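Encoded as structure tokens, the structure appears first; notes follow it.
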Amino acid sequence: MGSQRNSARASARPAPDIDGPVRICIGCRGRGARSELLRVVAGSDDAGEPTGALVVDPAVRLPGRGSWLHVSEDCLEKALQRRAFGRALRVTTALDATQVQEYVGAHAPRAGSAAQA
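Take 574 as the starting number for the sequence shown in the numbering used here and just add one per residue.
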């Protein structure tokens, strides 16, 4: 039992090559630096009532519980398939991911851009 405790503790440590706060992507469940991931929150109106929309928070300033996602179409697709946003944000209503899809579509690295560089 002691070895299980040590292995669990070792896996909870951040990877040595990540500087700063570490977050977990809700799509791929991989760890990454906070600066590499996109924060997403559940939108609310002025009265604090949920709007049912996911809101992109690139400045990491919006109030409320946030979830983190790599700016990747693969991670977004996995998160949507697993319905991970609702669980991560503790929201029981359906969430509209249009704003997140538009942001990721505009900011995700292109497969051909690495070959051109």
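For glycine and all other residues, C-beta sits at the position ideal for the given N, C-alpha and C.
All of these numbers come straight from a predicted model, not from anything done at the bench.
Leaving out five residues on either side along the sequence, give the residues of the same chain with a beta carbon under 6 angstroms from the beta carbon of H680.
V644
In three-state terms, what does DSSP make of A626?
strand
Can you have a look at N579 and say buried or exposed, based on whether 16 or more other CB atoms are within 10 angstroms of its CB?
With a pLDDT of 47 at N579, under the threshold of 50, the predicted position of this residue should be treated as unreliable, and no value is reported.
If you measure between the beta carbons of L627 and V673, is that distance less than 8 angstroms?
yes
Checking the sheet assignment: what are the DSSP bridge partners for H643?
Beta-bridge pairing links H643 to L610.
According to the neighbour-count rule (16 or more other Cβ atoms, all chains shown, within 10 Å of its Cβ), is G605 buried or exposed?
buried
Kindly indicate which residue of G600, A632, R638 has the alpha-carbon position closest to the one of G616.
Checked all of G600, A632, R638; the closest Cα to G616 is R638.
Straight-line gap, L649 to D590 (C-alpha atoms, nearest Å):
24 angstroms
If contacts are defined as beta-carbon pairs under 8 angstroms, then V629 and L611 qualify, I think. What distance do you get, rounded to the angstrom?
6 angstroms
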